[in-house]
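Novice: If you scroll down you'll find the structure; I have some questions about it.
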Amino acid sequence: MTLKNLLSAAVLTVALLSAPVALALEPAEMVKLLSTIDDRQRNGGDYKALVYLEQKEKDKTDAVREAFVYRRDADDKLMILFSRPKTEAGKGYLRLDKNLWSYDPNVGKWERRTERERIAGTDSRRADFDESRLAEEYEPSFEGEGKLGKYTANMLTLKAKQGVDVAYPVIKLWVDKESTNVLKREEYALSGRKMRTLLYPRWKKLFSESKGADVWFPEEIRIYDEVEKANSTVILIKSIDLRSLEANLFTKAWLESKSR
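The sequence shown maps to residues -24 to -1, 1 to 236 in mature numbering (1 follows the signal peptide of the UniProt record, and there is no 0).
Put into structure tokens, the structure is as follows:
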């Protein structure tokens, strides 16, 4: 090897050694990251949102639904009440004591649902509207850093904790290193089959008086069905209201009264 080649090799070695290396997140750091994601989306008080669901299904006409989402984060309560179209108005979902119930005013009947329930037949699930509980429900492992468009993301694999009831036991998560916003989420069945892919192109923050800090929420969630490839749903979250709600709102009687 010539002196010139030796010098070139030495320069290359120095450059490689001095290049920034992505350090793996320690378990405690990953749990802290999940807790931060959860806390940023949690109000601590009440929450009301107007949402639109745009659904595409193979060989069917595109459908649009309007709904109101109500949350009481302090008590882990959730209600989804559909208002449009007329055929869907009055239908709803209520989460009480970790149980999910659906109501159809056409038959006047409540039915218990699982976490895998397709909300109003769309590709959405209860967790897409509820407060984030990643740190509470999953154990994380670090998969490295990756580019997602213009963003640099921490990539995590989450596995459901023992005895926790979730829609999907394995999640792959891409979290923006700069903002800590979730960019992408892949959900898997226990068999390893990919079930859904979710993209979060836009996040927005709103100051909460009850929390004394900002609450973050995705303005748009794009959900792709990985089993029925032609199916997809877009959730658009419009107006957000963080003022206190009626005390008795999270009851079956209240939802039924709105269905008459």
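Using N, Cα and C, we set each Cβ at its ideal position, and we do this for glycine too.
A quick note: this is a predicted structure, and the numbers were derived from the prediction, not measured.
From the DSSP output, in three-state form, read off Pro49 for me.
Specialist: Position 73 of the sequence shown, counted from the first residue, corresponds to residue 49. First, the residue type needs correcting, since residue 49 is Asp and not Pro in the sequence shown. In the structure shown, Asp49 sits in a helix (DSSP, three-state: H, G or I).
Novice: State the beta-bridge partners of Ser184 as determined by DSSP.
Specialist: As a first step, residue 184 is located in the sequence shown; it is residue number 208 there, counting from the start. DSSP, once it has assigned bridges, lists Ala189 as partnering Ser184.
Novice: Should residue 272 go down as buried or exposed, given a rule of 16 or more other Cβ atoms within 10 Å for buried?
Specialist: Outside the shown range of the chain (-24 to 236) lies residue 272, about which nothing can therefore be said.
Novice: By Cβ distance below 8 Å, which residues in the same chain neighbour Arg94 in space, the five residues on each side in sequence not counted?
Specialist: Position 118 of the sequence shown, counting from 1, holds the residue named residue 94. If we look at Arg94 and ignore the five residues flanking it on each side, its Cβ neighbours are Ser100 and Arg101.
Novice: Please look up how many angstroms separate the CB atoms of Glu115 and Lys137, rounded, as I've assumed it's under 8 Å.
Specialist: Locating residue 115 in the sequence shown gives position 139, counting from the first residue. Locating residue 137 in the sequence shown gives position 161, counting from the first residue. Correct: roughly 6 Å between the Cβ atoms.
Novice: Should Glu162 and Arg178 be called a contact, given that it needs their Cβ atoms to be closer than 8 Å?
Specialist: Numbered from its first residue, the sequence shown carries residue 162 at position 186. Numbered from its first residue, the sequence shown carries residue 178 at position 202. The answer is no: Cβ separation not under 8 Å.
Novice: Classify residue 275 as buried or exposed, calling it buried when 16 or more other Cβ atoms lie within 10 Å of its own Cβ.
Specialist: What is shown of the chain runs -24 to 236, which leaves residue 275 out entirely.
Novice: Less than 8 Å between the CB atoms is what I'm expecting for Leu54 and Arg71, so what's the real figure, rounded?
Specialist: The residue you call residue 54 lines up with position 78 of the sequence shown. The residue you call residue 71 lines up with position 95 of the sequence shown. Yes, Leu54 and Arg71 are in contact; Cβ-Cβ is about 4 Å, under 8 Å.
Novice: Straight-line CA distance for Val40 to Lys214?
Specialist: The residue you call residue 40 lines up with position 64 of the sequence shown. The residue you call residue 214 lines up with position 238 of the sequence shown. Val40 and Lys214: Cα-Cα distance of roughly 14 Å.
Novice: What separation, rounded to the nearest whole angstrom, lies between the Cα atoms of Ala129 and Ala229?
Specialist: Sequence index remark: in the sequence shown, residue 129 carries index 153 (1-based). Sequence index remark: in the sequence shown, residue 229 carries index 253 (1-based). Approximately 45 Å between the Cα atoms of the pair.
Novice: So if DSSP puts Met131 in a beta bridge, which residue, or which two residues, is it bridged to?
Specialist: Position 155 of the sequence shown, counting from 1, holds the residue named residue 131. Paired residues: Gly120 and Trp150.
Novice: I'd like the span of the beta strand (DSSP E) that includes Glu25, first residue to last.
Specialist: Locating residue 25 in the sequence shown gives position 49, counting from the first residue. One detail in the question is off: residue 25 reads as Ala in this sequence, not Glu. Here the beta strand (DSSP E) through Ala25 covers Asp22 to Lys32.
Novice: Taking the alpha carbon of Ser155 as the point to measure from, which residue in Lys126, Val146, Leu29 and Ala43 has its own alpha carbon closest?
Specialist: Taking the first residue of the sequence shown as 1, we reach residue 155 at position 179. It is Lys126.
Novice: How big is the Cα-Cα spacing for Arg92 and Thr133?
Specialist: In the sequence shown, the residue the question calls residue 92 occupies position 116. In the sequence shown, the residue the question calls residue 133 occupies position 157. Their Cα atoms are separated by approximately 20 Å.
Novice: For Ala39, name the three-state secondary structure that DSSP assigns.
Specialist: As a working mapping, residue 39 is identified with position 63 in the sequence shown. Correct three-state label for Ala39: strand.
Novice: May I ask which residues mark the beginning and end of the alpha helix (DSSP H) holding Ser233?
Specialist: Against the sequence shown, residue 233 aligns to sequence position 257. Note, Ser233: alpha helix (DSSP H), Lys228 to Ser233.
Novice: Evaluate Arg169 with the Cβ neighbour count: other Cβ atoms within 10 Å of its Cβ, from every protein chain shown; 16 or more gives buried, anything less gives exposed.
Specialist: For the purposes of this step, residue 169 is taken as the residue at position 193 of the sequence shown. Per the 10 Å Cβ criterion, exposed.
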